[in-house]
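Just so you know, we're using the working numbering here: the sequence shown kicks off at 8 and counts up by one. Quick reminder that beta carbons are idealized off the backbone N, C-alpha and C, glycines included.
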Amino acid sequence: MNKTIELRKIWVEGTTIKYEIYDNTGMQLLQTDRVEAFINFYNTEEFNFVPENLSQSVLAIPITLYLLPITYFYEVELILPCMDKTLYENLSEIYNAYSKIYGPFKDEWRGKVSPVKIEQNNALQSKYKNVVFFSGGVDACSAGINNPGEKTVLVSVPSIEALAKNEGDLRNEKFNLIKEFSQITNSKWILVSNNFNECIFNDNKIQKNLSEKLSSAAFRFDGWFGVKYLGNMCSVAPFAYAMGIREFIMGSAFEQEEENCYISYDGANPVLSDSMKFVNMYFAEQDELYTRRSQKVKNIVSWCKKWGKKVKLWTCFDDKSYQCGLCPKCIRTQLNILCAGENPKDWGFERFSEKQFSRLLRSFRYYEKNACWHWDIFDSIDDTMVYPYCNKMLHWLKAIGYKEYLKKAGKAKKIRSINRIFKFYRYPRYIKKIYMNIRKKLQNYK
8 MNKTIELRKI WVEGTTIKYE IYDNTGMQLL QTDRVEAFIN FYNTEEFNFV
58 PENLSQSVLA IPITLYLLPI TYFYEVELIL PCMDKTLYEN LSEIYNAYSK
108 IYGPFKDEWR GKVSPVKIEQ NNALQSKYKN VVFFSGGVDA CSAGINNPGE
158 KTVLVSVPSI EALAKNEGDL RNEKFNLIKE FSQITNSKWI LVSNNFNECI
208 FNDNKIQKNL SEKLSSAAFR FDGWFGVKYL GNMCSVAPFA YAMGIREFIM
258 GSAFEQEEEN CYISYDGANP VLSDSMKFVN MYFAEQDELY TRRSQKVKNI
308 VSWCKKWGKK VKLWTCFDDK SYQCGLCPKC IRTQLNILCA GENPKDWGFE
358 RFSEKQFSRL LRSFRYYEKN ACWHWDIFDS IDDTMVYPYC NKMLHWLKAI
408 GYKEYLKKAG KAKKIRSINR IFKFYRYPRY IKKIYMNIRK KLQNYK
């Protein structure tokens, strides 16, 4: 095996951990032959967090977990200067979990991990009980209100989101969200950013290649991005180790359609998070593993009313300082809020308008591939209730039923796609977009 990706250097500058990585595969799996990656920690002052005091094997945990999946598919040997002993001994369990969800993987694809040195890291004194991952979404807010208090550290990792940038409106909004939520739950907070998604892998090439190899439901749903998801999330590991934190808590993404209950097959699947173990840290059972999204929103509303507080629910991935309100996840969440008897404008959707939103739903603009979200919303509408907002529209939805609505929404989506062809005045914009996409792909293949 002579195809190697090598982590040659780890160093610390202030509260930033930096990594130097080399691609010796000849396959252009990284964006360039030499990549410099980093993790930056914000709001560390009150924790007295000094990453320079940590062992190299602890500093290496995030980048190791992020690079690890490449060894599943290309017979690549990942060479590391050092590695935590617990993580090293747990590699087969992580591999088996990913093979179960995204595979099965073939033996001939598999590479290996070769650390120069393996270190035993002992647990440090516990200063905080757990980490709760916080994005501002429904699942994250639910986990936050279920684990409040000063022994909890809320952690936001904006870089796990596909469209997030290291700087910009979305990253700034994440700062505001976690600060405000930490005050509501009386918890500590820290924000962690990195350039992993932005700078490390030749993602378009790998996605295209793996699409020809993998046909699992999980890979069809979120692809190569999902395979890297938890590794990116674990950027917080060095901080958690320094604080003596053992448990990582994340919100679940439970899905149900009528009597069929299942956990979403994506990068946040409990099978995957349960496999992650390093030093003395592990993922606890995902919060509210079998609680429907509509019920979580009702629980959040009830909790806030009980304590006289209000949270902003952020579900949009657009890199803006406001939520678009039009994407499936935005529509889904606004419907959840309406079914809880609340005005979405009071819960983070500042552009919400009853008239416009009702027109949007009545024109069958709400379409999702997974019918579970439609069923959950339609089932949660109470026939006997007079809703303070969008009452007629909600009861109209209930009368139609989720299957019929989804069927009509699918047809409406196809018609809108066909109609775009005849908007000749937009052709210059389309041509430019196609050109830019082709140019980007050609640059990635160089």
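Neighbour-count burial assignment, residue i, 16 or more Cβ in a 10 Å radius
i	result
residue 91	buried
residue 408	exposed
residue 147	buried
residue 441	exposed
residue 262	buried
CB of residue i within 9 angstroms of CB of residue j, strictly
i	j	result
residue 233	residue 275	yes
residue 188	residue 143	yes
residue 364	residue 351	yes
residue 410	residue 378	yes
residue 58	residue 19	yes
residue 162	residue 139	yes
residue 239	residue 45	no
residue 384	residue 301	yes
residue 329	residue 373	no
residue 168	residue 324	yes
residue 198	residue 50	yes
residue 137	residue 291	yes
residue 355	residue 319	yes
Chain-order list of residues whose beta-carbon lies under 8 angstroms from that of residue i (same chain, five-residue window excluded)
i	result
residue 41	27, 28, 29 and 30
residue 235	73, 76, 203, 204, 208 and 274
residue 108	223, 225, 272, 276, 278 and 279
residue 32	10, 11, 12, 81 and 83
Close Cβ partners of residue i (< 7 angstroms) along its chain, the five nearest in sequence each way excluded
i	result
residue 415	371
residue 345	351, 394, 396, 397 and 401
residue 368	400 and 404
residue 466	The chain is shown from 8 up to 453; residue 466 falls before or after that span and cannot be answered.
residue 349	308
Own chain residues within Cβ distance below 6 angstroms of residue i, not counting five before or after
i	result
residue 125	90, 92 and 95
residue 13	29 and 86
Proximity to residue i [Cα-Cα], best of the options
i	options	result
residue 150	249, 71, 61 and 307	307
residue 376	229, 136 and 53	229
residue 193	110, 285, 159 and 222	159
residue 460	304, 380 and 283	In the structure displayed, the chain extends from 8 to 453; residue 460 sits before or after that span and is not available.
residue 286	215, 248 and 137	248
residue 184	388, 322, 310 and 257	322
residue 121	88, 52 and 135	88
residue 218	265, 293 and 110	110
residue 251	211, 446, 425 and 134	134
residue 456	341, 270 and 289	Residue numbering for the chain in the displayed model covers 8 to 453; residue 456 lies beyond these limits and cannot be assessed.
residue 48	182, 123 and 37	182
residue 196	157, 213 and 214	157
residue 304	206, 331, 260 and 213	260
residue 35	21, 289 and 211	211
Sheet register partners of residue i (DSSP bridge)
i	result
residue 49	198
residue 37	208
residue 268	263
residue 18	25
residue 294	258
residue 140	162
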